[in-house]
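Asks: Each residue of the sequence shown is one higher than the one before, counting from -15 in the working numbering.
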Amino acid sequence: MIPPSSGRATVKRILHGISLLPLAHIVHLHGKGVRPFLADITGLSPARIAQGNLDKIRPSTAIKIASSSNAWAHNWTKKQGWSDQDFDTHIAAMPLLSNGNPASLASWIYGMRRPDIHSLPLTITHTLKTDELIHSLSIAFDANDCAAFTQEILTMAASEYERSFVRTPAEQIEMKSELDAWRAARDWDAIGALFTKVADNLLLDIYAALDAEWGGWYFQAATPKPVFLFINPQMNKDIDMSLGTFSSGTIPSRNLVYRPVRRLLELSYAVLHCNYKGHWPDEPVGRKELGQAIDLADSHIGNYFDGTRNLTLTAFQNIWQSLCRNFAKNSKEPEGVICPAPLAVVAIAWQHMFIQNTNEHKLKSVFMLDETDYTRRWQHHRNCWADQLTSGDFDWPVWLLNKSL
-15 MIPPSSGRAT
-5 VKRILHGISL
5 LPLAHIVHLH
15 GKGVRPFLAD
25 ITGLSPARIA
35 QGNLDKIRPS
45 TAIKIASSSN
55 AWAHNWTKKQ
65 GWSDQDFDTH
75 IAAMPLLSNG
85 NPASLASWIY
95 GMRRPDIHSL
105 PLTITHTLKT
115 DELIHSLSIA
125 FDANDCAAFT
135 QEILTMAASE
145 YERSFVRTPA
155 EQIEMKSELD
165 AWRAARDWDA
175 IGALFTKVAD
185 NLLLDIYAAL
195 DAEWGGWYFQ
205 AATPKPVFLF
215 INPQMNKDID
225 MSLGTFSSGT
235 IPSRNLVYRP
245 VRRLLELSYA
255 VLHCNYKGHW
265 PDEPVGRKEL
275 GQAIDLADSH
285 IGNYFDGTRN
295 LTLTAFQNIW
305 QSLCRNFAKN
315 SKEPEGVICP
325 APLAVVAIAW
335 QHMFIQNTNE
345 HKLKSVFMLD
355 ETDYTRRWQH
365 HRNCWADQLT
375 SGDFDWPVWL
385 LNKSL
């Protein structure tokens, strides 16, 4: 029998998971495995990376890794149209912790900015606070100081979390119970039982903040909505979630769940349709119509829809450019609309985070955000940044707002 994981092991796993989450997201964007991707960046062999202990490499090797990583990043940004000066300026202004070390999460958000278009200062500042908290928690963990760890959580709760949202009486009671549990936590087992929810909330708040700032800027003509919920996994409309049954009586062979990448492609088509034709399409684009618009076989699109083919950021950018050309052919509007890269970044990340498949590429499990909770977080950021965000009144399509959850 395998012994249960200790609380300390749970806390260690969560702290490491948070710090490595940006790397995982970047790996998914490039459509590679972790080891081949790290080999490309660091110049190390996949075999050496598989050995682990990269924190114990020789100083001379560390210098080579830094040089290789910088060269890789430079080449990547050149492909995105950046000049050498753009790259140097970008690197010089990377977010740092108060101790001078790189800020992992804030740097990930920083990497989505376009200095000439949108720089995401609000989300970066918010995310940097989370980086500082994770750093302080890691110090307490390494020192085996449970009291310091819980105090960091309670300080965070007192300064931000309790005031983040308007809560119902029942939610206020639940929140008080959670805070009381943190105050009573004296060992890593107790902390481990509580920390997962805190970590989830911290990460969810980063997505909601990005949604509020970037989504509010990109869709500034539209009625403010948490646009990332438009790429949240959605169940087939014929399923009764309370009973786990289908109105037809049988489980459909396809489209049991509408995955983030599919919803991203449907939304992208709709956005460009609206931009070039002045109105939203009457329904989500089908795989055949989308394939014809970008000159790809509908089976290729179907593989994106059902998750058997992973979408990369480069592939999405190519699809977006093809859609722009397609719609511009019969329009007076100029060809080219700013690519919503952050939307693709989140959709690709959520597809890997929220959807689990079997080895045969069959659906194993699906996680869906609590849309009420997420909207409340998004609205909190909108409220905090109200004087820096715009609000439009262009209506969203009914089919996009309809929920089957």
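Ideal Cβ placement from N, Cα and C applies to all residues, glycine included.
#1: On the CB-based measure, 16 or more other CB atoms within 10 Å of its CB, does residue -15 come out buried or exposed?
#2: Could you check what DSSP says for residue 78 in three-state terms: helix, strand or coil?
#3: Can you find at least 3 beta carbon pairs, one from the region 328 to 343 and one from the region 240 to 255, that sit closer than 8 Å?
#4: Helix, strand or coil, according to DSSP, for residue 378 in the structure here?
#5: Just verifying my parser: in three-state terms, what is the DSSP assignment at residue 204?
#6: Enumerate, from N- to C-terminal direction, the unbroken alpha helix (DSSP H) stretches of 4 or more residues contained entirely within the region 2 to 66.
#7: Once DSSP output is grouped into helix, strand and coil, what is the label at residue 269?
#8: Specify the secondary structure class of residue 159 as computed by DSSP and reduced to three states.
#9: First and last residue of the beta strand (DSSP E) that includes residue 340?
#10: Could you check if residue 216 is buried or exposed, using at least 16 other CB atoms within 10 Å of its CB as the buried criterion?
#11: Output the distance between the C-alpha atoms of residue 389 and residue 214, rounded to the nearest integer angstrom.
#12: Using a Cβ distance threshold of 8 Å, determine whether the region 326 to 333 contacts the region 198 to 215, with at least three qualifying pairs required.
#13: With distance defined between alpha-carbon atoms, name the residue in 249, 317, 358 and 297 nearest to residue 12.
#14: So, with DSSP's three-state summary, where would you put residue 105?
#15: In this structure, what does DSSP give as the bridge partners for residue 349?
#16: Among 122, 258 and 51, whose alpha-carbon lies nearest the alpha-carbon of residue 308?
#17: How would you call residue 85, buried or exposed, if buried means at least 16 neighbouring beta carbons within 10 angstroms?
#18: Roughly how many angstroms separate the alpha carbons of residue 390 and residue 281, rounded to a whole number?
#19: Which same chain residues end up closer than 8 Å to residue 374 when comparing Cβ atoms and leaving out the 5 residues on each side of it in sequence?
#20: Beta-carbon within less than 8 Å of residue -4's beta-carbon, same chain only, minus the 5 sequence neighbours each way: which residues are those?
#21: Suppose contacts are defined by Cβ-Cβ distances below 7 Å. Is residue 347 in contact with residue 240 by that definition?
#22: Quick check on the DSSP output: the alpha helix (DSSP H) that includes residue 316 runs from which residue to which?
#23: From the DSSP output, in three-state form, read off residue 324 for me.
#24: Look up residue 140 in the DSSP assignment and say whether it is helix, strand or coil.
#25: For residue 99, which of 87, 89 and 75 has the nearest alpha-carbon?
#26: Can you tell me whether residue 69 is buried or exposed? The criterion is at least 16 other CB atoms within 10 Å of its CB, across all chains shown.
#27: Between the C-alpha atoms of residue 110 and residue 314, what's the straight-line distance to the nearest angstrom?
#28: Based on the DSSP output, what are the partners of residue 218 in its beta bridges?
#29: Just confirm the distance between the C-beta atoms of residue 275 and residue 284, as a whole number of angstroms; I'd bet it's less than 8 Å.
#30: Using a Cβ-Cβ cut-off of 8 Å (strictly less than) and excluding sequence neighbours within five positions of residue 0, which residues of its own chain qualify?
#31: Would residue 364 be called buried (16 or more neighbouring beta carbons within 10 Å of its own) or exposed?
#32: Mind checking which residues open and close the alpha helix (DSSP H) that includes residue 360?
#33: Give the DSSP-derived three-state secondary structure of residue 86 in the structure shown.
#34: Name the residue from 278, 260, 103 and 312 whose alpha carbon lies nearest to the alpha carbon of residue 301.
#35: If you reduce the DSSP assignment to three classes, tell me which class residue 391 lands in.
#36: What would DSSP say about residue 263, mapped onto helix, strand or coil?
Replies: Based on what the coordinates show:
#1: Note that residue -15 has pLDDT 35, beneath the 50 cutoff, so the model's placement of it is unreliable and the number below is only indicative. By the 10 Å Cβ count, residue -15 comes out exposed.
#2: coil
#3: yes
#4: strand
#5: coil
#6: 18 to 26, 30 to 35 and 43 to 63
#7: coil
#8: helix
#9: 339 to 341
#10: buried
#11: Confidence is the limiting factor: at residue 389 the pLDDT is only 38, short of 50, which leaves the residue's position unreliable, though a coordinate-based value still follows. So the two alpha carbons sit approximately 12 Å from each other.
#12: yes
#13: 297
#14: helix
#15: 340
#16: 258
#17: exposed
#18: Outside the displayed span of the chain (-15 to 389) sits residue 390, for which this structure offers no information.
#19: 200, 201 and 204
#20: 125
#21: yes
#22: Element bounds for residue 316: n/a, residue is neither H nor E.
#23: coil
#24: helix
#25: 75
#26: exposed
#27: 43 Å
#28: 242
#29: 7 Å
#30: none
#31: buried
#32: 355 to 368
#33: strand
#34: 278
#35: Residue 391 lies beyond the residue range present for the chain, which begins at -15 and ends at 389; the question has no answer from this structure.
#36: coil
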